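S.K.: Here the sequence shown stands for residues 1 to 476, where the numbers follow the UniProt record's numbering. Have a look at this one before I ask anything.
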Amino acid sequence: MNEWKLLISGGMIGLFVSSVLVMIVLYRLSPLLQSRRKRSLRDQHSEPVSRFGGVALFWGFAVALLLVWLLPFEQRGLGFQLLSENRFAGLCLGGLLAWSIGFCDDIFQLRARWKLAGQIGIALLAIGFGFEIKIVQIPFLQTVNLGFWAWPLTVLWIVGVMNAVNLIDGLDGLASGLTIVALSCMAVICWWMNQLPLLLLIMILIGVTLGFWSFNRPPATIFMGDSGSLFLGYTVAVFSIWIPGTQAGTQSILPLLILTVPILDTIVAVFRRLLKGIPFYSADNDHLHHRLISKGFSPPLAMAFLVLTAMLFGGLALMAFSLSHLQGYVFLAAIILAYLLLYWLEYDVIRKPLNSLWGQGEHRKNRNLMLALCEKIDDYFAKDTDQESIIRSYHFLTEMAGVSRIELRKKDLVVWQSGPENHSHRMLMFQHEKWEVRMNLPESSWKIDSDVKGNLLERVSLAFLFRLKQLESPSV
Numbered sequence: 001m002n003e004w005k006l007l008i009s010g011g012m013i014g015l016f017v018s019s020v021l022v023m024i025v026l027y028r029l030s031p032l033l034q035s036r037r038k039r040s041l042r043d044q045h046s047e048p049v050s051r052f053g054g055v056a057l058f059w060g061f062a063v064a065l066l067l068v069w070l071l072p073f074e075q076r077g078l079g080f081q082l083l084s085e086n087r088f089a090g091l092c093l094g095g096l097l098a099w100s101i102g103f104c105d106d107i108f109q110l111r112a113r114w115k116l117a118g119q120i121g122i123a124l125l126a127i128g129f130g131f132e133i134k135i136v137q138i139p140f141l142q143t144v145n146l147g148f149w150a151w152p153l154t155v156l157w158i159v160g161v162m163n164a165v166n167l168i169d170g171l172d173g174l175a176s177g178l179t180i181v182a183l184s185c186m187a188v189i190c191w192w193m194n195q196l197p198l199l200l201l202i203m204i205l206i207g208v209t210l211g212f213w214s215f216n217r218p219p220a221t222i223f224m225g226d227s228g229s230l231f232l233g234y235t236v237a238v239f240s241i242w243i244p245g246t247q248a249g250t251q252s253i254l255p256l257l258i259l260t261v262p263i264l265d266t267i268v269a270v271f272r273r274l275l276k277g278i279p280f281y282s283a284d285n286d287h288l289h290h291r292l293i294s295k296g297f298s299p300p301l302a303m304a305f306l307v308l309t310a311m312l313f314g315g316l317a318l319m320a321f322s323l324s325h326l327q328g329y330v331f332l333a334a335i336i337l338a339y340l341l342l343y344w345l346e347y348d349v350i351r352k353p354l355n356s357l358w359g360q361g362e363h364r365k366n367r368n369l370m371l372a373l374c375e376k377i378d379d380y381f382a383k384d385t386d387q388e389s390i391i392r393s394y395h396f397l398t399e400m401a402g403v404s405r406i407e408l409r410k411k412d413l414v415v416w417q418s419g420p421e422n423h424s425h426r427m428l429m430f431q432h433e434k435w436e437v438r439m440n441l442p443e444s445s446w447k448i449d450s451d452v453k454g455n456l457l458e459r460v461s462l463a464f465l466f467r468l469k470q471l472e473s474p475s476v
């Protein structure tokens, strides 16, 4: 009974500490840091929202750990058993480093290559503390001893899960909700295996994440940012290695099933970007939740759908664990379900893989053209000597970027417009003195990666308005 009290108390303390820290971050820390971060064209909130929820997640976990060890239970020794574990030190140190990299990115927007290098370093550190995938049991095949490939596969897994959680953090409550589902599945497995010290850690993190989720659910008042997503991604990755390592034969499909939704989203994103000829780390608006929204789902409903989908795959993972002789069939069922989900969401990489491959050259051509035009946009517009021709040039460029509607205004009067109104599309505005341009962007039909689109639309629109100012006449 006292063991249950300790485990439940650990979760409740994590929830309470996280909630308190979220409020401190919202009202004290965020105003000091928020102004350093540029708004993204992919932001779904019209008003700025704090991106420093990772502070509450990491430090909430650290403070909750300390408080749990001070509880007056006879079983509090469960926590102290962890202190003798090298992996516990690796969890804490690696979590701190992952949070630090994310926190720096939230403020200074680090280059992708430096973030990736840091993540690889953290994964190697985790291996040094005992988090290593040495043996893999493949369904319908024999157990495979990885040998030399143990380190590369472990690094790929840890870095991959960190980025999977980071990439899917594009909708209110989604990444934190999926993390809670994954941790809950791991908690059940720990309970079945009687791994109470590890279960205590997971219960604390569930409580911390749940406390944060209460503020992050739609409509969110705070985001976890990269600091939160990288920290949660790291902890989930090492927990998924730690749990199978406590019982022979469980390093199989369980982590893949538990994390199917974020892993699936990441794999499709990487293939999609490579087929477009753009860097795999480039941002876009074509993730699973964007596809659901384009099908008419509201953001809260899209979040709930994906969390319920994660619960379904988590249930399959628990079934595979309890019925080990059926693991292969469960894995096949999960593959079929994942394929049907992607097919229903109309991903061309699934429906028309050959067409996607053949279209790679066209995507690369458009991207290079737009980058070149961005760099020489002033010279490009200088060739236009009247208002009509410069509007025509501007329309051509924005159409390449997938803009569905443009409205040019001067002193609140519409001078020119193109395309039908669509209130479901995102609206952007750029202004220079008396001139203003408004445009609509579809959420999911990106014709180019959003980092290039952001540079193009801002740079081109401001140059366009400046040129209009130069050409304006009393008759305009």
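Idealized CB from N, CA, C, for every residue including glycine. On a predicted model such as this, the values are computed, not experimentally measured, just so you know.
Taking 9 Å as the threshold (C-beta atoms), are PHE103 and VAL165 in contact?
M.R.: Not in contact: VAL165 and PHE103 (Cβ atoms no closer than 9 Å).
S.K.: In terms of residue numbering, what span does the alpha helix (DSSP H) encompassing SER99 cover?
M.R.: The displayed chain sequence assigns Trp, not Ser, to residue 99. Start and end: 86–108.
S.K.: According to DSSP, which residues form a beta bridge with LYS410?
M.R.: LEU413, TRP435.
S.K.: With burial defined as no fewer than 16 other Cβ atoms inside 10 Å of the residue's Cβ, what is the status of VAL414: buried or exposed?
M.R.: VAL414 is exposed by the Cβ-count criterion.
S.K.: Determine, using beta carbons only, whether ILE122 comes closer than 9 Å to chain D.
M.R.: Note that chain D does not occur in the displayed structure, where there is just one protein chain.
S.K.: Measure the CB-CB distance between VAL307 and LEU174 and report whether it falls below 9 Å.
M.R.: For VAL307 and LEU174, yes; Cβs fall inside 9 Å.
S.K.: VAL268 and LEU342 look like a contact to me (Cβ under 8 Å); what is the Cβ gap, rounded to whole Å?
M.R.: Yes, they are in contact, since the Cβ atoms of VAL268 and LEU342 sit about 7 Å apart, within 8 Å.
S.K.: Tell me whether the beta-carbon of ILE168 lies closer than 9 Å to the beta-carbon of ILE243.
M.R.: It is not a contact, given that the beta carbons lie outside the stated cut-off.
S.K.: Just grab the DSSP bridge partners of MET429 for me.
M.R.: ARG438, per the DSSP bridge assignment.
S.K.: What is the C-beta distance between GLY328 and PHE131, in whole angstroms, given that I count them as a contact (C-beta under 8 Å)?
M.R.: Contact flag wrong, Cβ pair sits at about 26 Å.
S.K.: According to DSSP, what are the bridge partners of ILE133?
M.R.: Note: ILE133 sits in no beta bridge, so no partner.
S.K.: Please report the residue range of the alpha helix (DSSP H) in which VAL403 lies.
M.R.: Element bounds for VAL403: n/a, residue is neither H nor E.
S.K.: DSSP on THR260, reduced to helix/strand/coil?
M.R.: Three-state result, THR260: helix.
S.K.: Between which two residues does the alpha helix (DSSP H) containing ASN145 stretch?
M.R.: Looking at the DSSP string, ASN145 is not in any alpha helix (DSSP H); the run it does join, the beta strand (DSSP E), is 143–145.
S.K.: So who's on the other strand from ILE222, going by DSSP bridges?
M.R.: According to DSSP, which records beta bridges pairwise, ILE222 is partnered with SER50.
S.K.: Return helix, strand or coil for SER19, following the three-state DSSP convention.
M.R.: Helix, per DSSP.
S.K.: When you compare each of GLY233, ALA220, TYR339 to MET303 by their alpha carbons, which one comes out closest?
M.R.: Nearest option by C-alpha distance: ALA220.
S.K.: Which class does GLU472 belong to by DSSP, given the choice of helix, strand or coil?
M.R.: Three-state DSSP puts GLU472 in coil, outside helix and strand.
S.K.: What does the Cβ neighbour count give for ASP379, buried or exposed, with the cut at 16 atoms within 10 Å?
M.R.: That one is exposed.
S.K.: Have a look at ARG36 and LEU70 and give me their C-alpha separation to the nearest angstrom.
M.R.: With a pLDDT of only 47 at ARG36, under 50, the local geometry of the prediction cannot be trusted, and no value is derived from it.
S.K.: Just mark ASP286 as buried or exposed, buried being the case when its beta carbon has 16 or more other beta carbons within 10 Å.
M.R.: It is buried - the Cβ of ASP286 has at least 16 other Cβ atoms within 10 Å.
S.K.: Tell me which residues share the same chain as PHE58 and place their Cβ nearer than 8 Å to its Cβ, disregarding the 5 neighbours each side in the sequence.
M.R.: Counting only Cβ-Cβ distances below 8 Å, and skipping sequence neighbours, we find GLY95, LEU96, TRP99, SER227, GLY228, PHE231.
S.K.: By DSSP's criteria, residue 483 is part of a beta bridge. Which residues make up the other side?
M.R.: Outside the shown range of the chain, which is 1 to 476, sits residue 483, and nothing can be said about it.
S.K.: Does DSSP put SER418 in a helix, a strand or coil?
M.R.: If DSSP states are grouped into helix, strand and coil, SER418 belongs with the strands.
S.K.: Is the Cβ-Cβ distance between PHE215 and VAL63 less than 9 Å?
M.R.: No, these two residues do not count as a Cβ contact at 9 Å.
S.K.: If you count every other CB in all the chains shown that lies within 10 Å of the CB of ARG272, and 16 or more means buried, which is it?
M.R.: The residue is buried, with at least 16 neighbouring Cβ atoms inside 10 Å.
S.K.: Just reading off the alpha helix (DSSP H) that ASP379 is part of, what are its end residues?
M.R.: Unbroken alpha helix (DSSP H) run through ASP379: 377–382.
S.K.: Got a sec? Which residues, its chain only, sit under 7 Å from ILE180 by beta carbon, not counting five neighbours each side?
M.R.: So the qualifying residues of the chain are ILE206, THR209, LEU210, TRP213.
S.K.: In terms of residue numbering, what span does the alpha helix (DSSP H) encompassing PHE140 cover?
M.R.: PHE140 -> no alpha helix (DSSP H), and no H or E assigned at all.
S.K.: What did DSSP end up calling GLN195 once you bin it into helix, strand or coil?
M.R.: GLN195: coil per DSSP, three-state reduction.
S.K.: What number of angstroms, rounded off, separates the C-alpha of ARG438 from the C-alpha of ILE391?
M.R.: When rounded, the distance between both Cα atoms is 13 Å.
S.K.: Should ARG51 and GLY225 be called a contact, given that it needs their Cβ atoms to be closer than 9 Å?
M.R.: Yes, Cβ-Cβ distance for ARG51 and GLY225 is below 9 Å.
S.K.: Rounded to whole angstroms, what is the Cα-Cα separation between HIS325 and LEU259?
M.R.: Roughly 21 Å between the two C-alpha positions.
S.K.: Distance, Cα to Cα, ILE127 vs LYS383?
M.R.: Roughly 59 Å separates the two Cα atoms.
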